[in-house]
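Residue numbers (this note's numbering): 17 to 379.
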């Protein structure tokens, strides 16, 4: 579709979670601005504001708790009738309700009627693949089939829906870091393990609580670290540390890698604010990651990345020409399932040599 209203336009993007999805949605900002003069605001959650800070294409951002009806009512009153175009991209009744109230023109995306979520026909190329597209029996066979058949990236899907042209060059997510965001990286660079001439390789083997099936096993993670350490002789950064469970898991992975090869000593990253975490990733030579926030951070920062993809859609990922996705040779039997049904995770079928080969193409 082509957007109905012509600029100048006041635009609101409503996107709260997950953080990686918020970040990759920023790839739409420059194309919206290049369409013609417009002012763009964003409605999200507090945690996501750090991803939008300093974005040159945004007028500003609002934060709201989705689980607070009073906060949603206040935000609806504050934003009522202010926007010519609203991109309603959150599958939540409170968010969709505020989006509807804020719109004085065209709404694209998630809708809510009598507490029931749906989506505008214009947004069917994306939301037809979502949990909102239920079959008559309540299942997701049609949505999953569409998802499996899709060959467009997330950004390409939405650019097509909105009738927008891509930004020039290699467009992607937008994240602007400041000097203070890089301070943690400078401190870490002072450690003996990072004083060499070669930039580090970063590794993220975790996943958010919604998608445990995205994780590789601890043993597989250790073997990948050893293979990469032997192949490239670079410092190895093991990313993570947002909660105690992830910290402990990374410690076990690092210890397992050192047991396999005492010369391999991955460096565990400390618990950091989100923007400092991005500052730590920015100087890395390349990254290996599951389909999660660090992968989208790498795209925004121009860090080449190798993605280990199992239950989610590899086609939706955009590497800006600097990376690639690796999938299990037989595919993933847990497509869009939160938990892996196999005793041995599907992602463990990806050979270490394939990861090393993909990294070599990135360097």
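Just so you know, even glycine gets a beta-carbon here, dropped at the ideal spot from N, CA and C.
Note that the structure is a prediction, hence the values are computed from the model and not measured.
- The shortest C-alpha to C-alpha distance from residue 123 to any of 221, 192, 34, 102 is the one to 102.
- Using a Cβ-Cβ distance cut-off of 8 Å, the segment 175-190 and the segment 46-61 are in contact, since at least three pairs of beta carbons, one from each stretch, lie closer than that value.
- Annotation for residue 233: 361, 364 place their beta carbon closer than 7 Å to its own, counting only its chain and skipping 5 residues before and after.
- Judged by DSSP secondary structure, residue 36 falls within the alpha helix (DSSP H) whose first and last residues are 35-41.
- Counting only the Cα atoms, residue 256 lies some 6 Å from residue 262.
- In its chain, beyond the 5 residues on either side, 145, 173, 329, 331, 332 have a beta carbon closer than 8 Å to the beta carbon of residue 166.
- Taking every protein chain shown into account, the CB of residue 129 has fewer than 16 other CB atoms within 10 angstroms, so this residue is exposed.
- A Cβ-Cβ separation of about 6 Å places residue 106 in contact with residue 31 under the 8 Å criterion.
- Under a 10 Å Cβ-count criterion, residue 213 is classified as exposed, with fewer than 16 other Cβ atoms of the shown protein chains found around its own Cβ.
- Pairing residue 140 with residue 29, the inter-Cα distance amounts to about 17 Å.
- The bridge partners DSSP lists for residue 305 are 220, 323.
- In the DSSP assignment, residue 340 forms a beta bridge with 322.
- With 16 or more neighbouring CB atoms inside 10 Å of its own CB, residue 270 falls in the buried class.
- Setting aside the 5 residues that flank it on each side, residue 97 is surrounded in the same chain by 120, each with a C-beta closer than 6 Å to its C-beta; the list follows chain order.
- Around the beta carbon of residue 104, 16 or more other beta carbons lie within 10 angstroms, which makes this residue buried.
- With a contact defined as Cβ atoms closer than 8 Å, residue 285 and residue 252 miss out at about 11 Å.
- For residue 300, the secondary structure class from DSSP, reduced to helix, strand or coil, is coil.
- A distance below 8 Å separates the beta carbons of residue 66 and residue 291.
- For residue 120, the secondary structure class from DSSP, reduced to helix, strand or coil, is strand.
- The beta carbons of residue 218 and residue 250 sit no closer together than 8 Å.
- Burial state of residue 339 is buried, judged by a 10 Å Cβ sphere holding 16 or more other Cβ atoms.
- Per DSSP, residue 198 is not a residue of any beta strand (DSSP E), being assigned neither H nor E.
- Uninterrupted beta strand (DSSP E) stretches at least 3 residues long and entirely within the segment 29-87 occur at 54-60, 76-79, given in chain order.
- With fewer than 16 other CB atoms across the displayed protein chains lying within 10 angstroms of its CB, residue 345 is exposed.
- Secondary structure of residue 364 (DSSP, three-state): helix.
- Within the same chain, and ignoring the five residues on either side of residue 341 in sequence, the residues whose Cβ sits closer than 6 Å to its Cβ are 323, 325, 330, 333.
- Of the candidates 316, 193, 195, 183, the residue whose Cα lies closest to the Cα of residue 38 is 316.
- Between the C-alpha atoms of residue 100 and residue 136 there is a straight-line separation of about 16 Å.
- Taking a cut-off of 8 Å for Cβ pairs, the segment 48-64 and the segment 77-90 touch, as three or more such pairs fall below it.
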